[in-house]
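Data block below; observations after.
There are 2 protein chains.
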Amino acid sequence: MGKLYVVGIGPGGIEHMSLRAKEVVEKSDIIVGYNKYIDMIKSIVKDKEIYSNGMKGEEERCREALKLSKEKNVALISTGDSGIYGMAGLILELRGNEEVEIIPGITASSAAASILGAPLMHDNCNISLSDLMTDYEDIKKRVKLAAEGDFIISLYNPKSKGRPHYLKEAIEIIKEFRGENTPVGVVKNALREGQEYWITTLKDFIDEEVNMFSIVIIGNSKSFIKDGFFITPRGYKLEK
Amino acid sequence: MGKLYVVGIGPGGIEHMSLRAKEVVEKSDIIVGYNKYIDMIKSIVKDKEIYSNGMKGEEERCREALKLSKEKNVALISTGDSGIYGMAGLILELRGNEEVEIIPGITASSAAASILGAPLMHDNCNISLSDLMTDYEDIKKRVKLAAEGDFIISLYNPKSKGRPHYLKEAIEIIKEFRGENTPVGVVKNALREGQEYWITTLKDFIDEEVNMFSIVIIGNSKSFIKDGFFITPRGYKLEK
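Each protein sequence line maps, in turn, to chains A and B.
Positions 1 to 240 (the UniProt record's numbering) are the ones given, in order, by the first sequence.
Positions 1 to 240 (the UniProt record's numbering) are the ones given, in order, by the second sequence.
Below is the structure:
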């Protein structure tokens, strides 16, 4: 009888994995995951049995991981936190009597924030702009209510070829509630190979360079830019 | 010339730190932090110079960390992610010309979620119920808009002696928008010594056992409980 570990490896690469996540991957017999993610940690999985498939094979991958775990220890890996837009939910939905443990990781908005400065210091939300599994009307409603509530907003999956205008529309909705100088940060490939980032404002934001591997963070009404850092104050009254 | 690392150690203990966070702490000359947090990683800091003070000494602690980093390498540690309700913002607000790097960690809502199952699989938000630095009216407005937007809601600092009724009031606001069977999970001391958790529903929720070291997670309209796990579906149409 084996066990299935659903592991968030963090932004990518070994160094931002938790010690527990690394240990669990190293002691597993079989590694299951999307090829690109397995590649990111290949130095610790190279001698192992691997079950890998392409994007959009999520259900098949999860069923296979559960089946394999009846006999052996299996690590199903995803980037970021396995519990935020990751594989933890699907595994628990499909689970029969297999033993499952969820190992959390650093989610993409935390990784992106650490590059930009400290944008997420107050109440904040994560919204995915992907409409593969959510109605676009519901997504827009969420963006509007988050903007109205003055949440710092992290947009996951901000742009893809199939829906090139969603990000622009989300920014327009947010502009109805926030000043034009509100900071906006974009991070591509946060804390992994190919990292790029820039900080701008709602007024000057252009979506051209944003892609699926980006996170877009929009500040709240108190966020500001200082010395190149995007900062949201926690609210301390400083003794200056 | 030294450098200041602002390090999120994750939920507590060494094993949920990232490899990078551990490495940075190990190579720093001086460790700065609240005594309780330093205690959680004492096995890797015991031979180091330590500057520690109590709760509510945040500004003094940050000023000291910046000053010390002019000469030596300093790690300023906090639990969770240093960038979410942590010390990253205050450091960057107070920073002059010191070199600063933010090292992200696993935030408390991710840690709590991994214990409960997979509650955060869709759009979600973090709200702190602490009114030390935020007006209570603003907090209630955010809870209402998050509930209206069908966000999964993670409540940080859900209860303290000075504001015993806020959590109850937040739950009442959420009930206006969600069904009475919506799952609610409470995790105390997630992934560290003293961990306890329970899963209930909006209807049956009682706040008695909740304290400052707890995270309370309220599901969205599609969340459910299965085999003791709190699950929010991502939206996959499963083949069954």
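Where is the CB? At the ideal position from N, CA and C, for every residue including glycine.
A quick note: this is a predicted structure, and the numbers were derived from the prediction, not measured.
By DSSP's criteria, residue i is part of a beta bridge. Which residues make up the other side?
i, result
"valine 216(B)", "Leu155(B) and Val186(B)"
"leucine 76(B)", "Val6(B) and Val32(B)"
"alanine 118(A)", "Ile231(A)"
"threonine 201(A)", "Pro183(A)"
"cysteine 62(A)", "Answer is none; cysteine 62(A) lacks a bridge partner."
"asparagine 126(B)", "Asn124(A) and Ser154(B)"
"valine 24(B)", "The partner list for valine 24(B) (beta bridge, DSSP) is empty, contrary to what the question assumes."
"glutamate 196(A)", "Lys188(A)"
"valine 143(A)", "Its beta-bridge partners do not exist; DSSP assigns none."
"glutamate 101(B)", "Tyr5(B)"
"lysine 18(A)", "The residue asked about is misnamed: residue 18(A) is serine in this sequence, not lysine. Beta-bridge pairing links serine 18(A) to Ser18(B)."
Which of the three DSSP states, helix, strand or coil, is assigned to residue i?
i, result
"asparagine 35(A)", "helix"
"serine 52(A)", "strand"
"tyrosine 85(B)", "coil"
"serine 223(B)", "coil"
"glutamate 71(B)", "coil"
"glutamate 209(A)", "coil"
"isoleucine 91(A)", "helix"
"isoleucine 106(A)", "coil"
"serine 43(A)", "helix"
"aspartate 131(B)", "coil"
"tyrosine 136(A)", "helix"
What does the alpha-carbon distance come out to for the pair residue i and residue j?
i, j, result
"isoleucine 173(B)", "lysine 226(A)", "37 Å"
"glycine 117(B)", "asparagine 124(A)", "22 Å"
"leucine 94(B)", "leucine 90(A)", "44 Å"
"lysine 67(B)", "serine 128(A)", "40 Å"
"residue 249(B)", "lysine 42(A)", "The structure shown does not extend to residue 249(B), since chain B is modelled only from 1 to 240, so the question has no answer here."
"serine 223(B)", "isoleucine 44(B)", "40 Å"
"aspartate 138(A)", "glutamate 23(A)", "40 Å"
"cysteine 62(A)", "tyrosine 5(A)", "11 Å"
"valine 7(B)", "proline 104(B)", "6 Å"
"lysine 237(B)", "arginine 163(A)", "21 Å"
"serine 28(B)", "isoleucine 102(B)", "14 Å"
"isoleucine 115(B)", "phenylalanine 229(B)", "9 Å"
"threonine 134(A)", "glutamate 64(A)", "25 Å"
"aspartate 150(B)", "valine 143(A)", "11 Å"
"leucine 167(B)", "tyrosine 136(B)", "12 Å"
"asparagine 35(B)", "isoleucine 9(A)", "29 Å"
"glycine 80(A)", "lysine 48(A)", "22 Å"
"glycine 33(B)", "alanine 108(B)", "18 Å"
"leucine 92(A)", "tyrosine 85(A)", "13 Å"
"leucine 132(B)", "glutamate 208(A)", "40 Å"
"glutamine 195(A)", "proline 119(A)", "18 Å"
"lysine 175(A)", "glutamate 169(A)", "10 Å"
Between residue i and residue j, how many whole angstroms is the CB-CB distance? I'm expecting something under 8 Å.
i, j, result
"serine 18(A)", "methionine 17(B)", "6 Å"
"lysine 159(A)", "valine 210(A)", "5 Å"
"alanine 21(B)", "glycine 83(A)", "With a Cβ gap of about 19 Å, alanine 21(B) and glycine 83(A) do not count as contacting."
"tyrosine 156(B)", "asparagine 189(B)", "Incorrect: roughly 14 Å between the Cβ atoms, too far for contact."
"lysine 70(A)", "glutamate 26(A)", "Between glutamate 26(A) and lysine 70(A) the Cβ distance is about 21 Å, and since that is not below 8 Å, they are no contact."
"valine 100(A)", "glycine 2(A)", "With 8 Å as the limit, valine 100(A) and glycine 2(A) do not qualify as a contact, their Cβ atoms being about 11 Å apart."
"lysine 106(B)", "isoleucine 218(A)", "Note that residue 106(B) is isoleucine in the sequence shown here, rather than lysine. Actually they do not touch by this definition, with Cβ atoms about 23 Å apart."
Starting from the C-beta of residue i, find all residues in its chain whose C-beta is less than 7 Å away, skip the five residues before and the five after it, and write them out in chain order.
i, result
"valine 186(A)", "Tyr197, Trp198, Val210, Ser214 and Val216"
"threonine 201(A)", "Glu180, Asn181, Thr182, Pro183 and Val184"
"glutamate 148(B)", "Phe177"
"methionine 212(B)", "Asn157, Lys159 and Ser160"
"lysine 72(A)", "Gly2, Asp29 and Ile30"
Apart from the five residues just before and just after residue i, which ones in its own chain have a Cβ nearer than 6 Å to its Cβ?
i, result
"leucine 191(B)", "Pro11, His16 and Ala111"
"alanine 146(B)", "Cys125 and Ile153"
"lysine 203(B)", "Glu180"
Taking 8 Å as the limit between beta carbons, can you name the residues of its chain near residue i, skipping five residues before and five after?
i, result
"histidine 122(B)", "Ile152, Asn220, Lys222, Thr232, Pro233, Arg234 and Gly235"
"glutamate 58(A)", "Met87 and Leu90"
"isoleucine 38(B)", "Ile31, Val45, Ile50, Ser52 and Ile77"
"glutamate 60(B)", "Asn53"
"glycine 13(B)", "Met40, Ile41, Leu191, Arg192 and Glu193"
"glycine 96(A)", "Leu66"
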